[in-house]
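First up is the structure itself, then whatever we jot down about it.
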Amino acid sequence: MQDPIASLKALDIFFKKGSTQDYAFRKSRLLALKAAIRANEQALHEALYADLKKSPEESWVTETGFVQATISHALRHLKQWMKPRRVATNLLNLPGRSFIQPEPLGVVLIIAPWNYPFQLLFSPLVGAIAAGNCVVLKPSEFAPATAAVMKKVIGQAFASDHVLYLEGDGAVLIPRLTDSFRFDHIFYTGSTAVGKLIYEMAAKKLVPVTLELGGKSPCVIESDANIRIAARRIALAKFSNAGQMCVAPDYILAHRRVKEDFIAELKKAILAFYSGKPSESYNYGKIINEKQMKRLVSYLSQGRIVHGGSFDIGAGYMEPTILEDVKPGLSIMEEEIFGPLLPVIGFDEFDEARSLIDRHPDPLAFYVFTGSREKERKWLEGVRFGGGCVNNVSWHLTNFNLPFGGRGNSGTGAYHGRFSFDVFSHKKGIMKTPVWFDPSIRYPPFKGKLELFKRLIR
Ligand code: NAD
Numbered sequence: 124m125q126d127p128i129a130s131l132k133a134l135d136i137f138f139k140k141g142s143t144q145d146y147a148f149r150k151s152r153l154l155a156l157k158a159a160i161r162a163n164e165q166a167l168h169e170a171l172y173a174d175l176k177k178s179p180e181e182s183w184v185t186e187t188g189f190v191q192a193t194i195s196h197a198l199r200h201l202k203q204w205m206k207p208r209r210v211a212t213n214l215l216n217l218p219g220r221s222f223i224q225p226e227p228l229g230v231v232l233i234i235a236p237w238n239y240p241f242q243l244l245f246s247p248l249v250g251a252i253a254a255g256n257c258v259v260l261k262p263s264e265f266a267p268a269t270a271a272v273m274k275k276v277i278g279q280a281f282a283s284d285h286v287l288y289l290e291g292d293g294a295v296l297i298p299r300l301t302d303s304f305r306f307d308h309i310f311y312t313g314s315t316a317v318g319k320l321i322y323e324m325a326a327k328k329l330v331p332v333t334l335e336l337g338g339k340s341p342c343v344i345e346s347d348a349n350i351r352i353a354a355r356r357i358a359l360a361k362f363s364n365a366g367q368m369c370v371a372p373d374y375i376l377a378h379r380r381v382k383e384d385f386i387a388e389l390k391k392a393i394l395a396f397y398s399g400k401p402s403e404s405y406n407y408g409k410i411i412n413e414k415q416m417k418r419l420v421s422y423l424s425q426g427r428i429v430h431g432g433s434f435d436i437g438a439g440y441m442e443p444t445i446l447e448d449v450k451p452g453l454s455i456m457e458e459e460i461f462g463p464l465l466p467v468i469g470f471d472e473f474d475e476a477r478s479l480i481d482r483h484p485d486p487l488a489f490y491v492f493t494g495s496r497e498k499e500r501k502w503l504e505g506v507r508f509g510g511g512c513v514n515n516v517s518w519h520l521t522n523f524n525l526p527f528g529g530r531g532n533s534g535t536g537a538y539h540g541r542f543s544f545d546v547f548s549h550k551k552g553i554m555k556t557p558v559w560f561d562p563s564i565r566y567p568p569f570k571g572k573l574e575l576f577k578r579l580i581r
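Each residue of the sequence shown is one higher than the last, beginning at 124 in my numbering.
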């Protein structure tokens with residue numbers, strides 16, 4: 124295998140040739156990527172089943188189809204995104220013209236986690252290619268079947284001096300790469316703990332970062348919510364991919380007037396979606412590895428199990444589980460659960476619920492179920508969070524017109540749709556001044572011009 128550091132230099136040389144600047148080139152690479160994904164779609168679905176027991180339907184909606192829709196969206200809008208954007212010019216600079224011109228950043232590094240191993244590597248890749256960059260892709264080492272097919276897809280769609288696919292232990296490989304090469308941007312998706320290390324590595328060379336991190340995303344159910352709909356939508360998002368989803372609701376805050384009804388409806392939804400034997404359900408995934416299984420098993424004793432609770436460590440099976448009486452301070456309420464365990468906590472007053480949320484500032488997502496505009500407003504204004512939904516869970520990330528990202532502890536920066544193009548572009552602010560107008564007031568001698576300057580510069 125070629126030395127990765129030597130390969131990085133080849134990307135730099137390729138970028139500096141300027142070929143990626145061209146609209147036709149970017150479009151052709153996006154089309155090639157789409158074709159390679161299509162050609163390997165079945166292999167990708169089989170690999171996602173091997174790594175996470177995702178059904179082809181789930182893999183399509185959350186991984187392969189999602190990325191193809193991302194490419195189609197980029198292709199539809201790319202010409203527009205690339206155009207310099209005219210902006211107004213202030214009085215002082217008239218009759219000049221001003222515009223913002225996007226330009227590619229250069230060679231960027233994209234690092235992905237294992238839970239949506241394809242989507243979270245390829246969706247930022249689409250933005251980076253659309254914006255005209257060269258890219259180094261670092262997949263997660265914990266979804267090896269998917270990583271092997273992704274390598275093939277990248278090999279079919281790109282020359283290795285345009286997009287380089289590098290596998291390995293992130294803790295070893297990433298410091299090596301960042302020490303020996305200055306990336307123009309690092310886009311990282313994964314845990315907050317590793318996100319901090321990435322930020323430190325990037326800071327040494329003043330490399331800008333996008334950090335897509337995790338956290339404890341709360342979901343509030345108000346007394347006036349449609350409880351059946353809330354239960355079905357929450358069950359879908361919480362138990363999809365066996366709860367290993369960054370925007371899954373981490374815990375439920377249910378108004379005490381509706382808490383018992385909600386739990387009853389949630390049990391019904393679990394039975395309807397995954398049957399009485401989720402371990403055999405076509406629709407139910409598995410936990411990625413033994414380390415994650417053991418972490419989840421340790422949470423089971425930290426509350427009263429009111430549904431589920433069975434598991435099989437060897438098979439990576441953890442039943443959809445509802446817990447009550449979880450105590451703040453225990454690890455299940457301190458760490459991101461990232462699995463199919465759902466604590467349900469009752470509340471009577473807004474402030475009581477919000478003080479529980481405030482124990483973990485800036486969650487990646489926040490959800491509220493309510494029929495009242497007033498309550499909706501109060502919650503949306505009263506909690507700081509990355510993004511979220513009213514009367515729904517997790518689906519905000521499928522609307523490419525919305526920025527997707529966290530704030531503070533849950534991340535910095537946002538992507539999807541046009542926002543992905545922007546993440547991977549520098550925006551040059553440019554003013555063009557005509558030469559036919561060159562008033563002497565601009566030049567020395569300045570004596571006596573103060574009043575005129577005061578009128579022009581206000
Ligand atoms: P992780 O941080 O362990 O790994 C992510 C990537 O970082 C992998 O490619 C890995 O090789 C690399 N890595 C690991 N240790 C490293 C180190 N010391 N130095 C440099 N790189 C290193 O994360 P994970 O367990 O794979 O993912 C789970 C977390 O990701 C959860 O917290 C979840 O909420 C979060 N997540 C966030 C989003 C989002 O869009 N915001 C999406 C998915 C997952």
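From the three backbone atoms N, C-alpha and C, an ideal C-beta is built for every residue, glycine too.
My understanding is that residue i touches residue j, with C-beta atoms under 8 angstroms, so please give their C-beta distance in whole angstroms.
i	j	result
residue 431	residue 410	Going by Cβ atoms, the distance from residue 431 to residue 410 rounds to 14 angstroms, so no, they are not a contact pair.
residue 281	residue 152	7 angstroms
residue 293	residue 483	Their Cβ separation, rounded to whole angstroms, is 25 angstroms, which puts residue 293 and residue 483 out of contact at 8 angstroms.
residue 486	residue 362	About 19 angstroms separates the two Cβ atoms, so there is no contact after all.
residue 373	residue 341	7 angstroms
residue 406	residue 178	6 angstroms
residue 135	residue 230	6 angstroms
residue 240	residue 270	7 angstroms
residue 336	residue 195	In fact, because the Cβ distance is near 28 angstroms, the residues do not count as touching under 8 angstroms.
residue 357	residue 516	5 angstroms
Cα separation between residue i and residue j?
i	j	result
residue 133	residue 507	43 angstroms
residue 468	residue 447	6 angstroms
residue 404	residue 180	13 angstroms
residue 544	residue 262	21 angstroms
residue 360	residue 579	57 angstroms
residue 562	residue 222	23 angstroms
residue 499	residue 398	33 angstroms
residue 334	residue 521	19 angstroms
residue 273	residue 367	20 angstroms
residue 390	residue 449	18 angstroms
residue 582	residue 535	The first residue shown for the chain is 124 and the last is 581, placing residue 582 beyond what the model contains.
residue 414	residue 139	43 angstroms
residue 149	residue 211	29 angstroms
residue 477	residue 242	33 angstroms
residue 480	residue 268	37 angstroms
residue 146	residue 165	30 angstroms
Apart from the five residues just before and just after residue i, which ones in its own chain have a Cβ nearer than 8 angstroms to its Cβ?
i	result
residue 303	128 and 131
residue 298	324
residue 416	410, 434, 436, 439 and 441
residue 246	189, 190, 193, 538, 539 and 543
residue 560	218
residue 388	350, 351, 353, 354 and 355
residue 530	485, 507, 508 and 509
For residue i, collect the residues of the same chain with a Cβ closer than 6 angstroms to its Cβ; drop the 5 residues on either side in sequence, then sort them by chain order.
i	result
residue 471	379
residue 526	537 and 542
residue 144	255
residue 286	258 and 277
residue 182	168 and 171
residue 494	347
residue 514	492
Please classify residue i as buried or exposed, where buried requires at least 16 other C-beta atoms within 10 Å of its C-beta.
i	result
residue 237	buried
residue 174	buried
residue 558	exposed
residue 518	exposed
residue 163	buried
residue 233	buried
residue 370	buried
residue 497	exposed
residue 91	Outside the modelled stretch of the chain, which goes from 124 to 581, sits residue 91, for which no answer is possible.
residue 187	buried
residue 576	exposed
residue 412	exposed
residue 295	exposed
residue 528	buried
Which residues in the same chain have their Cβ closer than 7 angstroms to the Cβ of residue i, if we skip the five residues on either side of it in sequence?
i	result
residue 226	548, 549 and 551
residue 331	308
residue 159	276, 279 and 280
residue 322	332 and 334
residue 572	564
residue 395	none
Consider the C-beta atom of residue i and the heavy atoms of the ligand PLP; say whether any pair is separated by less than 7 angstroms.
i	result
residue 342	With respect to the ligand PLP, the structure shown offers nothing to examine, as its ligands consist of the ligand NAD.
Could you say if the segment 413–426 and the segment 453–460 meet the contact criterion of at least three C-beta pairs nearer than 8 angstroms? yes
Using a Cβ distance threshold of 8 angstroms, determine whether the segment 248–259 contacts the segment 189–208, with at least three qualifying pairs required. yes
Sufficient close CB pairs (3 or more, under 8 angstroms) joining the segment 310–320 to the segment 344–364: no
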